[in-house]
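Below you'll find the structure, written out as structure tokens, and then a few comments.
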Amino acid sequence: MMHDFAMTASHVIFMDLPVVFDLDIAVAEGESGMPYRWSDEYGARFGVLRRDDPDAPIRWFDIDPCYVFHVANAHEAGNSIVLQAVRYPEMWRDSGGFDVEGVLWEWRIDLAAGTVSERQLDDLGVEFPRIDDRLAGLPARYAVSVAGNSWVRYDLSTGSGLRHDLGSGGPGEAVFVPGAGPADESNGFYLGYVYNPERDGSDLVILDASDFGGKPVATVKLPQRVPYGFHGNWISA
Numbered sequence: 000m001m002h003d004f005a006m007t008a009s010h011v012i013f014m015d016l017p018v019v020f021d022l023d024i025a026v027a028e029g030e031s032g033m034p035y036r037w038s039d040e041y042g043a044r045f046g047v048l049r050r051d052d053p054d055a056p057i058r059w060f061d062i063d064p065c066y067v068f069h070v071a072n073a074h075e076a077g078n079s080i081v082l083q084a085v086r087y088p089e090m091w092r093d094s095g096g097f098d099v100e101g102v103l104w105e106w107r108i109d110l111a112a113g114t115v116s117e118r119q120l121d122d123l124g125v126e127f128p129r130i131d132d133r134l135a136g137l138p139a140r141y142a143v144s145v146a147g148n149s150w151v152r153y154d155l156s157t158g159s160g161l162r163h164d165l166g167s168g169g170p171g172e173a174v175f176v177p178g179a180g181p182a183d184e185s186n187g188f189y190l191g192y193v194y195n196p197e198r199d200g201s202d203l204v205i206l207d208a209s210d211f212g213g214k215p216v217a218t219v220k221l222p223q224r225v226p227y228g229f230h231g232n233w234i235s236a
């Protein structure tokens, strides 16, 4: 099953990973979990397709078994594709619950050699990585992820992370809003909904990208709670 895919300036990368649909679970009476299970027999691979030749055969690259819900970014580096995403060692092996944490990971697909190398960037459990969308498919330095009651901004070149603690709040995905001028990842703001348990409501928290660990620029107390969601985007007027 593929939940997400990656794209660079010249390629699309598909992730064919060992979570499969289980019809027996889907129709089972009283079953409330996800109708998917981990398969040790399925294998795992990346498929690379050139964007300028969509009818060409997909090139497949075997990787170590894992699962990925969300990609941070991918870009080209010489004859290689660098892909960064949140990787789970497995998913839904024995149940349909979410009982495994994912961590930030990097794969390097060598198109000339036909090989893939990989490395773990951090050991903190995270999800929903986002970059400056103007740099999607291009080299980006930063990705911001949700980690428990905080947002973490990763330097993708080193794997180091800077945490912004939101106290008892429950954050959703943080979206980058660029400032005026060229694509400078420190010139802008991060916006996200944060559940405030003290008043059973939601806040819109705004951080200055140049001072990610500092106090919010603004915390907008919304008149009613915003239900938890997955993704969001900023659309300029």
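Following numbering that gives the first Met the number 0, the numbering of the sequence shown begins with 0 at its first residue and continues without gaps.
Beta carbons: idealized from backbone N, C-alpha and C, even for Gly.
On a predicted model such as this, the values are computed, not experimentally measured, just so you know.
Using a 10 Å radius around the Cβ and a threshold of 16 neighbouring Cβ atoms, would you call Arg152 buried or exposed? Within the sequence shown, numbered from 1, the residue matching residue 152 stands at position 153. Buried, because 16 or more other Cβ atoms sit within 10 Å of the Cβ of Arg152.
Residues bridged to Asn72 [DSSP beta-bridge criterion]: Position 73 of the sequence shown, counted from the first residue, corresponds to residue 72. Partner(s): Gln83.
Contact between the stretch 43-62 and the stretch 190-210 (3+ Cβ pairs under 8 angstroms): The stretch 43-62 and the stretch 190-210 do not touch, with fewer than 3 CB-CB distances between them shorter than 8 angstroms.
Which term fits Val143, buried or exposed, when burial requires 16 or more other beta carbons within 10 angstroms of its beta carbon? Start at 1 with the first residue of the sequence shown, and residue 143 comes out as number 144. Looking at its Cβ environment, which holds 16 or more other Cβ atoms inside 10 Å, Val143 is buried.
As assigned by DSSP and simplified to three states, the class of Asp210: Your numbering for residue 210 matches position 211 in the sequence shown. For Asp210, the three-state secondary structure derived from DSSP is helix.
State the CB to CB distance for the pair Val115 and Phe60, rounded to an integer number of angstroms; the pair is presumed to be in contact (CB under 8 angstroms). Working through the sequence shown from its first residue, we reach residue 115 at position 116. Working through the sequence shown from its first residue, we reach residue 60 at position 61. So it is a contact: roughly 5 angstroms between Cβ atoms.
Three Cβ pairs or more, each shorter than 8 angstroms: is that satisfied between the stretch 14-31 and the stretch 146-166? Touching, no, given that fewer than three Cβ pairs across the two stretches are closer than 8 angstroms.
Evaluate Ala27 with the Cβ neighbour count: other Cβ atoms within 10 Å of its Cβ, from every protein chain shown; 16 or more gives buried, anything less gives exposed. In the sequence shown, counting from the first residue as 1, residue 27 sits at position 28. Classification of Ala27: exposed, given that the 10 Å Cβ count is below 16.
Hey, how far is the Cα of Tyr192 from the Cα of Ile234? Mapped onto the sequence shown, residue 192 falls at position 193. Mapped onto the sequence shown, residue 234 falls at position 235. Between Tyr192 and Ile234, the C-alpha separation is close to 16 angstroms.
Report the three-state DSSP secondary structure of Asp63 (helix, strand or coil). Here residue 63 corresponds to residue number 64 of the sequence shown, with the count starting at 1. It is coil, neither helix nor strand.
Residue span of the alpha helix (DSSP H) that contains Ile24, given as start and end: In the sequence shown, counting from the first residue as 1, residue 24 sits at position 25. For Ile24, the uninterrupted alpha helix (DSSP H) segment begins and ends at 22-26.
How would you call Asn72, buried or exposed, if buried means at least 16 neighbouring beta carbons within 10 angstroms? Locating residue 72 in the sequence shown gives position 73, where the first residue counts as 1. Buried is the label assigned to Asn72, since at least 16 other Cβ atoms lie within 10 Å of its Cβ.
Have a look at Ser291 and Ser185 and give me their C-alpha separation to the nearest angstrom. Coverage of the chain is limited to positions 0 through 236, which leaves residue 291 absent and any answer about it impossible.
Taking 9 angstroms as the cut-off, decide whether the C-beta atoms of Asp3 and Val70 are in contact. Residue mapping note: residue 3 aligns to position 4 of the sequence shown, counting from 1. Residue mapping note: residue 70 aligns to position 71 of the sequence shown, counting from 1. Cβ atoms of Asp3 and Val70: closer than 9 angstroms.
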